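Asks:
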Amino acid sequence: KQEVTQIPAALSVPEGENLVLNCSFTDSAIYNLQWFRQDPGKGLTSLLLIQSSQREQTSGRLNASLDKSSGRSTLYIAASQPGDSATYLCAPDRGSTLGRLYFGRGTQLTVWP
Amino acid sequence: NAGVTQTPKFQVLKTGQSMTLQCAQDMNHNSMYWYRQDPGMGLRLIYYSASEGTTDKGEVPNGYNVSRLNKREFSLRLESAAPSQTSVYFCASSRQGQGNQPQHFGDGTRLSIL
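Protein chains in written order, with the numbering used here: chain A, 1 to 113; chain B, 1001 to 1114.
#1: Spatial neighbours of Ile30/A within its chain, please: C-beta separation below 7 Å, excluding the five flanking residues on both sides.
#2: Which chain B residues are close to Val115/A, counting only those with a beta carbon under 9 Å from its beta carbon?
#3: According to DSSP, what are the bridge partners of Pro14/A?
#4: Quick one, which residues of the stretch 1065–1096 of chain B are near chain A if we go by CB-CB under 7 Å, in chain order?
#5: Under 8 Å between beta-carbons, which chain A residues line up against Asp1107/B? List them in chain order, please.
#6: How would you label Ala86/A, buried or exposed, when you count the other beta carbons within 10 angstroms and need 16 or more for buried?
#7: How many Å lie between Thr1081/B and Gly1016/B at the Cα?
#8: Please work out which residues of its chain come closer than 7 Å, Cβ to Cβ, to Asn1070/B, disregarding the five sequence neighbours upstream and downstream, and give them in chain order.
#9: Using the beta-carbon of each residue, which ones in chain B are nearer than 8 Å to Arg100/A?
#10: Can you grab the Cα-Cα spacing for the pair Thr45/A / Leu1114/B, in whole Å?
#11: If we define contact as Cβ-Cβ less than 9 Å, is Gly60/A a contact residue for chain B?
#12: Going by the DSSP bridge assignment, what does Arg1044/B pair with across the sheet?
#13: Look up Pro8/A in the DSSP assignment and say whether it is helix, strand or coil.
#14: Mind checking if Val1004/B is an interface residue toward chain A, Cβ cutoff 9 Å exclusive?
#15: Exposed or buried, which one is Pro1102/B when buried takes at least 16 other CB atoms within 10 Å?
#16: Below 7 Å between beta carbons is the criterion; list the residues of the stretch 29–40 of chain A that meet it against any residue of chain B, in chain order.
#17: Could you tell me whether any Cβ in chain B is nearer than 9 Å to the Cβ of Leu21/A?
#18: For chain B, is any of its Cβ atoms less than 9 Å away from the one on Leu89/A?
#19: Do the stretch 73–84 of chain A and the stretch 7–23 of chain A make contact, defined as three or more Cβ pairs closer than 8 Å?
#20: Which chain E residues are close to Gly71/A, counting only those with a beta carbon under 7 Å from its beta carbon?
#21: If I follow the unbroken beta strand (DSSP E) through Gln1025/B, where does it start and stop?
#22: For Gln1011/B, does the three-state DSSP call read helix, strand or coil?
#23: On the premise that Arg1072/B lies in contact with Gln1025/B, defined as a C-beta separation below 8 Å, what is that separation, rounded to the nearest angstrom?
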């Protein structure tokens, strides 16, 4: 089974800071890893998908890196804004169960003005 | 641009009642998924359907049944609801089998079992 751990569980920062959210997983035989954000009372929005052959993926102020061999991924958020406040979820799949995602408990981010 | 649509958004049931949660996607995706999300836990997969006509159990299938009605629709049924099934249920879809594609999620159904 794929076990996913996200650190920290919660983070509160002032606007403008650069942030690092960490994710570790136990089974390194993955095809993809997705990062999602979830706003309160809402569904999940896909932010980035990193393929196992890639080391990083970028979208605007977001950059996700993947070290498959060590079972780690990191989400960098540059110049954080209050609108970035949400819960961020990491979800690798597992090579033997194509398409199925395994979720961590998330990092709850608060960015205050 | 509807994406993944779930109905209903909220529901309260009594123990022992049955109900069906509906999910439909308009992105021509072949794979669909049902997850549940409980406080302090990550999302857990209940059932999934890799393609029309196939369904498979996920991590927590007990107490649930599913039907892949057609390519667009994937329903989740609770035959005899129990308080332990109080949760937020999410449906998702993706285009697996055609490269690396992200999963897209609906807004969820908030279900309370009394």
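Backbone N, C-alpha and C define an ideal beta-carbon position, used for all residues, glycine too. All values reported here derive from a predicted model rather than from experimental measurement.
Replies: Considering the structure as presented:
#1: Position 30 of the first sequence, counted from the start, is the residue given in the question as residue 30/A. Excluding residues within five positions, the ones whose Cβ falls inside 7 Å are Ser52, Lys68, Pro92, Asp93, Arg94 and Gly95.
#2: Residue 115/A is absent from the structure shown; chain A starts at 1 and stops at 113.
#3: For this step, residue 14/A is matched to residue 14 along the first sequence. Trp112/A, per the DSSP bridge assignment.
#4: For the stretch 1065–1096 of chain B, the residues whose beta carbon sits under 7 Å from a beta carbon of chain A are, in order, Phe1090, Ser1094 and Gln1096.
#5: For the purposes of this step, residue 1107/B is taken as residue 107 along the second sequence, with counting starting at 1. Going along chain A in sequence order, the residues near Asp1107/B (Cβ under 8 Å) are Lys42 and Gly43.
#6: Here residue 86/A refers to the residue found at position 86 when the first sequence is read from its first residue. It counts as buried.
#7: Translated into the one-based positions of the second sequence, residue 1081/B becomes position 81. Translated into the one-based positions of the second sequence, residue 1016/B becomes position 16. The amino acid at residue 1081/B is misidentified as Thr; the sequence shows Ala. Their Cα atoms are separated by approximately 5 Å.
#8: Stepping through the second sequence from its first residue, residue 1070/B is reached at position 70. Answer for Asn1070/B: Glu1052, listed in chain order.
#9: Start at 1 with the first residue of the first sequence, and residue 100/A comes out as number 100. The answer, in chain order, is Tyr1033, Leu1045, Tyr1048 and Gly1058.
#10: Taking the first sequence and counting its residues from 1, the one referred to as residue 45/A is at position 45. Taking the second sequence and counting its residues from 1, the one referred to as residue 1114/B is at position 114. If I take the Cα positions, the gap works out to 30 Å.
#11: Looking up residue 60/A in the first sequence gives position 60. Cβ-Cβ to chain B under 9 Å: no for Gly60/A.
#12: As a position in the second sequence, residue 1044/B is number 44, starting the count at 1. According to DSSP, Arg1044/B bridges with Arg1036/B.
#13: Residue mapping note: residue 8/A aligns to position 8 of the first sequence, counting from 1. It is coil, neither helix nor strand.
#14: In the second sequence, the residue the question calls residue 1004/B occupies position 4. At least one chain A Cβ lies under 9 Å of Val1004/B.
#15: Here residue 1102/B refers to the residue found at position 102 when the second sequence is read from its first residue. By the neighbour-count rule (16 or more Cβ atoms within 10 Å), Pro1102/B is buried.
#16: Tyr31, Asn32 and Gln34
#17: Against the first sequence, residue 21/A aligns to sequence position 21. It does not; no Cβ of chain B falls within 9 Å.
#18: Along the first sequence, one-based indexing puts residue 89/A at 89. Interface residue, yes.
#19: yes
#20: Here the protein chains are A and B, and chain E is not one of them.
#21: In the second sequence, the residue the question calls residue 1025/B occupies position 25. Start and end: Met1019 to Gln1025.
#22: Position 11 of the second sequence holds residue 1011/B. Residue state, collapsed to three classes: strand.
#23: Here the question's residue 1025/B lines up with position 25 in the second sequence. Here the question's residue 1072/B lines up with position 72 in the second sequence. Contact between Gln1025/B and Arg1072/B holds: their C-beta atoms lie close to 6 Å from each other, under 8 Å.
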